[in-house]
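Number of protein chains: 2
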Amino acid sequence: MAKCLVVGGNGFLGSWLVDALVDQGHEVSVFDRFSSGQSYISTGVRAIVGDFMNHAHVRAALSGQEYLFHFLSATTPATAEDDPTIDIRTNIASSVELLEFAVEAGISRVFFASTGGAIYGEQAPGSISELALPAPISPYAIGKLAIEGYLRYFQKKHGLNSVAFRISNPYGPRQKSNNKQGVIPIFLNNLAAGRSVVQYGDGSMVRDFIYVEDAAKLLANVVNYEPRHPVYNIGSGEGHTIAELIGVISQVTEVELDVQVVPQPSTFVDRVVLDTSRYRAEFGEQQFVPLSEGIRRTWLETAGKRA
Amino acid sequence: MAKCLVVGGNGFLGSWLVDALVDQGHEVSVFDRFSSGQSYISTGVRAIVGDFMNHAHVRAALSGQEYLFHFLSATTPATAEDDPTIDIRTNIASSVELLEFAVEAGISRVFFASTGGAIYGEQAPGSISELALPAPISPYAIGKLAIEGYLRYFQKKHGLNSVAFRISNPYGPRQKSNNKQGVIPIFLNNLAAGRSVVQYGDGSMVRDFIYVEDAAKLLANVVNYEPRHPVYNIGSGEGHTIAELIGVISQVTEVELDVQVVPQPSTFVDRVVLDTSRYRAEFGEQQFVPLSEGIRRTWLETAGKRA
Numbered sequence: 001m002a003k004c005l006v007v008g009g010n011g012f013l014g015s016w017l018v019d020a021l022v023d024q025g026h027e028v029s030v031f032d033r034f035s036s037g038q039s040y041i042s043t044g045v046r047a048i049v050g051d052f053m054n055h056a057h058v059r060a061a062l063s064g065q066e067y068l069f070h071f072l073s074a075t076t077p078a079t080a081e082d083d084p085t086i087d088i089r090t091n092i093a094s095s096v097e098l099l100e101f102a103v104e105a106g107i108s109r110v111f112f113a114s115t116g117g118a119i120y121g122e123q124a125p126g127s128i129s130e131l132a133l134p135a136p137i138s139p140y141a142i143g144k145l146a147i148e149g150y151l152r153y154f155q156k157k158h159g160l161n162s163v164a165f166r167i168s169n170p171y172g173p174r175q176k177s178n179n180k181q182g183v184i185p186i187f188l189n190n191l192a193a194g195r196s197v198v199q200y201g202d203g204s205m206v207r208d209f210i211y212v213e214d215a216a217k218l219l220a221n222v223v224n225y226e227p228r229h230p231v232y233n234i235g236s237g238e239g240h241t242i243a244e245l246i247g248v249i250s251q252v253t254e255v256e257l258d259v260q261v262v263p264q265p266s267t268f269v270d271r272v273v274l275d276t277s278r279y280r281a282e283f284g285e286q287q288f289v290p291l292s293e294g295i296r297r298t299w300l301e302t303a304g305k306r307a
Numbered sequence: 308m309a310k311c312l313v314v315g316g317n318g319f320l321g322s323w324l325v326d327a328l329v330d331q332g333h334e335v336s337v338f339d340r341f342s343s344g345q346s347y348i349s350t351g352v353r354a355i356v357g358d359f360m361n362h363a364h365v366r367a368a369l370s371g372q373e374y375l376f377h378f379l380s381a382t383t384p385a386t387a388e389d390d391p392t393i394d395i396r397t398n399i400a401s402s403v404e405l406l407e408f409a410v411e412a413g414i415s416r417v418f419f420a421s422t423g424g425a426i427y428g429e430q431a432p433g434s435i436s437e438l439a440l441p442a443p444i445s446p447y448a449i450g451k452l453a454i455e456g457y458l459r460y461f462q463k464k465h466g467l468n469s470v471a472f473r474i475s476n477p478y479g480p481r482q483k484s485n486n487k488q489g490v491i492p493i494f495l496n497n498l499a500a501g502r503s504v505v506q507y508g509d510g511s512m513v514r515d516f517i518y519v520e521d522a523a524k525l526l527a528n529v530v531n532y533e534p535r536h537p538v539y540n541i542g543s544g545e546g547h548t549i550a551e552l553i554g555v556i557s558q559v560t561e562v563e564l565d566v567q568v569v570p571q572p573s574t575f576v577d578r579v580v581l582d583t584s585r586y587r588a589e590f591g592e593q594q595f596v597p598l599s600e601g602i603r604r605t606w607l608e609t610a611g612k613r614a
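Going down the list, the protein sequences come from chains D and L.
Just so you know, we're using the working numbering here: the first sequence kicks off at 1 and counts up by one.
Just so you know, we're using the working numbering here: the second sequence kicks off at 308 and counts up by one.
Structure, rendered in structure tokens:
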């Protein structure tokens, strides 16, 4: 049992991670603004209401903790794209400050939510391993790669251990579609509201979708080991085109989607499927919730909210 | 003949670049604080005194220019190491702002002074090509890699062409030793002042030293072409140990150095020698000033200043 602080633990991925950590018997604290009520379902979690930009709040939260999960992003891919300098000043700079406070607090290991979906940029066809040369195009992913660099620096300079998770495209309940992040909740919300959905490009864009509860289990599992690598791809390892996705959504919801096609933005890459063999070799295999079942569960929540 | 603006053109590398561009017949403007008098020797250069942090200054300087050389660094490896967040707020954020202004001004191509000496981090033995996976450890290099990422973003998003030069370890006259950057000027200055020199580690650390005038010629040469790659290593392609360097300095200066050995800092990598075949295949071969001759020229300046 470890003392875990999840910064951003009330967010989409963070809240599922909290539940997975509690399931494994860890003592979990969550640092978050809690601006929209509690997202995780576990009991016995210590909720620390605070502002990531407030140094005193962050320092107080870190005190006495063993593991730090940095799962807070002050920006989304969409907001970072609109103004890269906001991302630099808030996400990158604040993450470095967080790491400084983690050193002060004697944290044993930092786990960082990086991005597998965007960090690699355009790559040759096939699944992408951690040895591929990252070529991020979006400011969001450029910032994540920079933070991975600072993790390396803090390890060398201050002996702060860390692991970065390059997570593909997690989806599932609790994901807010108003963040403009996540094609699945955006599609489902538009569907529930009787609106058309916007497809970027011809539908051939491929993504590695992973049901968020599966992703959270993979992440929480690493706490029980001494990780051998600084970076792990976290994904299903399976690719689906946007056209396939639309087909699955139609089937699950029994509604024909009204698809509006617009050109693919220049900063969207064609294909991202992660090679997850590094993780599997070290931490074992896991069964994944199939895309149709994951969408069914997400749709239950989306449709339920509107009922 | 092109209209070139060199931001940071009164600095060490920048001023040699200015001279090389003027030699090639280009129309050169320099944007710099000029805090310590003029460094370049060329005539006919338009000097624009301004502050990189002042948006109006930067925008005015960019107006009517064709090529932008971003050769200004608000930090050095040493100052960035002391406080990474300063580097993030000044270098990274300000570079993104510069690129935004470059788009506004209709700049044809940006040339960026990245670092080949520090961007790769620890690598397998042998010379390092642009295809190696960068693993920068120092905040200075993490910042440079992030800026390379933003160049990619501006290319995709706004069609702003750019080239990043990963320059190894340039040395030569005009390099200020008080910046704590550059082992050669630091050694020569200490020698001239009758002080001992500090060697990090056992002397086996290997670096790719390039005489600054050679480096500047390689850079200026690219202006005449349509570059095929976004990134080029710029170096001599030859490695020298610190022990060898001390031997060459002794020989050239005819002074026995008083060497003080201290442990190698954790963020110093053991070996950096660049594979420069990408540059040579595209832009041709160049003769290099040998290390002993380069040190002789540098020593002439150092000793001359004190005489």
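No residue lacks a Cβ here, since even glycine has one placed at the ideal position from N, Cα and C.
Query, Result
"Which value, in whole angstroms, describes the spacing of the CA atoms of L:Glu455 and D:Ala193?", "42 Å"
"Note down, in chain order, all residues in the segment 261 to 274 of chain D with a beta-carbon under 9 Å from any beta-carbon belonging to chain L.", "Pro265, Ser266, Thr267"
"If contact means a Cβ-Cβ distance below 8 Å, which residues of the segment 93 to 127 of chain D contact chain L?", "Ala93, Val96, Glu97, Gly121"
"To the nearest angstrom, report how far apart L:Thr397 and L:Cys311 are at their CA atoms.", "23 Å"
"By Cβ distance, which residues of its chain are closer than 6 Å to D:Ser95, with the 5 residues on each side in sequence left out?", "Ile147"
"To the nearest angstrom, how far is it from the Cα of D:Lys157 to the Cα of L:Thr574?", "6 Å"
"At the 8 Å Cβ level, is L:Ala442 part of the contact set with chain A, yes or no?", "Among the protein chains in the structure shown, which are D and L, there is no chain A."
"L:Asn361 by DSSP, collapsed to three states: which one?", "coil"
"Looking at the structure shown, is L:Glu388 part of a helix, part of a strand, or coil, going by DSSP?", "helix"
"If we count the other Cβ atoms within 10 Å of its Cβ and call it buried at 16 or more, is L:Val441 buried or exposed?", "For the record, residue 441 of chain L in the displayed sequence is Pro; it is not Val. Its Cβ being crowded by 16 or more others within 10 Å, L:Pro441 is buried."
"Who are the neighbours of D:Arg152 on chain L, taking C-beta pairs under 9 Å?", "Gly428, Ala442, Pro443, Ile444, Ile449"
"Check the DSSP bridge columns for L:Phe338 and list the partner residues they point to.", "L:Val314, L:Ile355"
"Using a Cβ-Cβ cut-off of 8 Å (strictly less than) and excluding sequence neighbours within five positions of L:Leu324, which residues of its own chain qualify?", "Val313, Gly316, Phe376, Phe378, Ala523, Leu526, Ala527"
"For D:Val261, which residues of its own chain have a beta-carbon under 7 Å away from its beta-carbon, when the five flanking residues on both sides are left out?", "Gln199"
"Measuring alpha carbon to alpha carbon, tell me which of D:Arg152, D:Val212, D:Ser36, D:Ser39 ends up nearest D:Val110.", "D:Arg152"
"So with CB distances below 9 Å, who are the chain D contacts of L:Leu495?", "The premise fails here: L:Leu495 is roughly 28 Å from chain D at the closest Cβ pair, so nothing lies under 9 Å."
"What is the DSSP secondary structure of L:His333, reduced to helix, strand or coil?", "coil"
"Since D:Val255 sits in a beta bridge, which residues does DSSP pair it with?", "Answer by DSSP bridge pairing: none, since D:Val255 is not bridged."
"On a CA-only basis, which of L:His362, L:Phe419, L:Val410 is nearest L:Asn540? Give me that one, please.", "L:Phe419"
"Could you give the first and the last residue of the continuous beta strand (DSSP E) run that contains D:Phe112?", "109 to 115"
"Give the DSSP-derived three-state secondary structure of D:Ile128 in the structure shown.", "strand"
"Answer yes or no: do D:Val248 and D:Ile295 have a C-beta to C-beta separation smaller than 8 Å?", "yes"
"Name, please, each residue of chain D whose Cβ falls closer than 8 Å to the Cβ of L:Gly489.", "Those do not exist, as L:Gly489 stays about 21 Å from chain D at its closest Cβ, beyond 8 Å."
"Am I right that D:Arg271 and D:Val206 are in contact with their C-beta atoms under 8 Å? What's the rounded C-beta distance?", "4 Å"
"So, with DSSP's three-state summary, where would you put D:Gln287?", "coil"
"For L:Ala409, tell me which candidate among L:Ala381, L:Leu467, L:Thr386, L:Ser436 has the shortest Cα-Cα distance.", "L:Leu467"
"Please determine, among L:Ser336, L:His333, L:Ser322, L:Pro537, the residue with the shortest C-alpha to C-alpha distance to L:Ser421.", "L:Pro537"
"With 16 as the cutoff for other CB atoms within 10 Å, does D:Ile41 come out buried or exposed?", "exposed"
"Using the C-alpha atoms, what's the distance from D:Tyr279 back to D:Arg46?", "30 Å"
"Using a Cβ-Cβ cut-off of 7 Å (strictly less than) and excluding sequence neighbours within five positions of D:Met53, which residues of its own chain qualify?", "Ser94"
"Check whether the Cβ atoms of D:Ile119 and D:Arg166 lie closer than 8 Å to each other.", "yes"
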